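For the sequence shown, the positions run 75 to 324 when the numbering used here is used.
From the three backbone atoms N, C-alpha and C, an ideal C-beta is built for every residue, glycine too.
None of the values given here were measured: they were computed from a predicted structure.
Written out below as structure tokens is the structure these notes cover.
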Amino acid sequence: MEETTADWRDTTKSKSSKADSHRKLKLANDGDYQSKLAQASAQKYRKLADALTAGGYVSEHGRSGKEIRYMQESKIMESFDKYQTGWDFQFETIDGVDAKRYKDGVDKSIDAYGDGVAKTTLRFTGDVRQIGVAALTVLFLTGDEQTVGLLREGDQIISGGPVDVTRPGLRQLFKSGLLAKLVQAGILIVKSNFDTDVMLAQNTVINDFINGLQNAAYTAFQPTVDPLKSYCLFIRDGATFKLEINVAMP
Numbered sequence: 075m076e077e078t079t080a081d082w083r084d085t086t087k088s089k090s091s092k093a094d095s096h097r098k099l100k101l102a103n104d105g106d107y108q109s110k111l112a113q114a115s116a117q118k119y120r121k122l123a124d125a126l127t128a129g130g131y132v133s134e135h136g137r138s139g140k141e142i143r144y145m146q147e148s149k150i151m152e153s154f155d156k157y158q159t160g161w162d163f164q165f166e167t168i169d170g171v172d173a174k175r176y177k178d179g180v181d182k183s184i185d186a187y188g189d190g191v192a193k194t195t196l197r198f199t200g201d202v203r204q205i206g207v208a209a210l211t212v213l214f215l216t217g218d219e220q221t222v223g224l225l226r227e228g229d230q231i232i233s234g235g236p237v238d239v240t241r242p243g244l245r246q247l248f249k250s251g252l253l254a255k256l257v258q259a260g261i262l263i264v265k266s267n268f269d270t271d272v273m274l275a276q277n278t279v280i281n282d283f284i285n286g287l288q289n290a291a292y293t294a295f296q297p298t299v300d301p302l303k304s305y306c307l308f309i310r311d312g313a314t315f316k317l318e319i320n321v322a323m324p
């Protein structure tokens, strides 16, 4: 992830001059601004204002939806100078650095994106340095022998080893689908502050998905712990948040 965001950061910042030139070319004057940007924006706002008018909306200042629409459309259509000044401000050369404010904005946006992804998606998929729990689970349940060598500190296999639970011909579909389900479920559970109802609902989604593609040689996957049944569950155990797998024969 760090390598990807670094490349993205460098590429975006290096193209700042091109971006500024492209902006000036496409919206060179007030006419271009109105026809290519302002009119489309006004049309979108008009739909909202018309809906307010139809509902009899009146603002605290006594303005109807139609009156608000006219005022806003006027502001949009007459804001080319403000638009141009704002972008010139972003691409201004400061202390010998061209487009400094724009580049600083790129840094902040990418840092925020990287932090957000690290706390959500990467927590379950992993990155180039270490595989995550969701990806590891997919390998385990498709019988990939490299699973053992990829175990992280704290991961353990109590007995047995990786096992392919998929029906013939459905392995690739299972891998991509299960990875998506696990990542989505993990993020939702974390964001719910490990709400038990959310956890049960997401575990149900995961195990229902596995059931639809699994080999009948194994017991049906279920969303609760049972040593005699198969399951793939996110579990909150005290301060530990983990994913537990059990594959059982009928």
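CA-to-CA distance, residue j to residue i, given in whole angstroms
i, j, result
"Ala-259", "Gly-105", "49 Å"
"Pro-301", "Leu-213", "21 Å"
"Gln-288", "Phe-315", "26 Å"
"Ser-266", "Asp-311", "16 Å"
"Met-145", "Asp-124", "13 Å"
"Gly-160", "Ile-261", "37 Å"
"Ala-209", "Thr-270", "24 Å"
"Phe-16", "Lys-177", "It is not possible to answer for residue 16, since the shown part of the chain is limited to 75 through 324."
"Gln-108", "Arg-175", "26 Å"
"Leu-99", "Phe-248", "48 Å"
"Ile-263", "Val-272", "6 Å"
"Glu-166", "Asn-103", "19 Å"
"Lys-156", "Ile-168", "21 Å"
"Gly-228", "Ala-313", "14 Å"
"Thr-194", "Gly-170", "Bear in mind that a pLDDT of 47 at Thr-194, under 50, signals an unreliable position, so the number given afterwards is only what the model happens to contain. Thr-194 and Gly-170: Cα-Cα distance of roughly 38 Å."
"Gly-286", "Val-299", "19 Å"
"Lys-92", "Gln-158", "16 Å"
"Arg-241", "Ser-115", "51 Å"
"His-96", "Lys-255", "40 Å"
"Gln-220", "Phe-268", "31 Å"
"Lys-121", "Lys-149", "16 Å"
Test item: CB-CB of residue i and residue j under 9 Å
i, j, result
"Pro-325", "Thr-278", "This structure cannot settle anything about residue 325, because the visible part of the chain is limited to 75 through 324."
"Ile-284", "Val-239", "yes"
"Thr-211", "Ile-309", "no"
"Val-321", "Val-237", "yes"
"Leu-225", "Ile-231", "yes"
"Leu-274", "Pro-297", "yes"
The ligand ATP heavy atom lying under 8 Å from the CB of residue i
i, result
"Lys-177", "Of ligands this structure carries none, so the ligand ATP is not represented either."
Residue of the options minimising C-alpha distance to residue i
i, options, result
"Asp-218", "Gln-117, Ile-232, Arg-245, Arg-137", "Arg-245"
"Gly-251", "Thr-270, Arg-137, Asn-281", "Asn-281"
"Gln-222", "Lys-156, Phe-163, Gln-117, Gly-235", "Reading the sequence as shown, one finds Val at residue 222 and not Gln. Residue Gly-235 is the option with its Cα nearest to Val-222."
"Ala-290", "Lys-303, Lys-98, Gln-117, Ala-313", "Lys-303"
"Gly-243", "Glu-227, Phe-268, Thr-216, Gln-220", "Thr-216"
"Gln-276", "Phe-295, Val-299, Leu-307, Arg-241", "Leu-307"
Other residues of its chain near residue i: CB distance less than 7 Å, five sequence neighbours each side excluded
i, result
"Leu-253", "Ala-208, Ala-209, Val-212"
"Phe-295", "Asn-281, Ile-284, Asn-285, Gln-288, Ser-304, Tyr-305, Cys-306"
Same chain only: Cβ atoms within 8 Å of residue i, ignoring 5 sequence neighbours per side
i, result
"Arg-137", "Met-145"
Check your understanding: If you scan the stretch 249-315 from start to end, which runs of the beta strand (DSSP E) of 3 or more residues do you find wholly inside it?
Key -> 305-311
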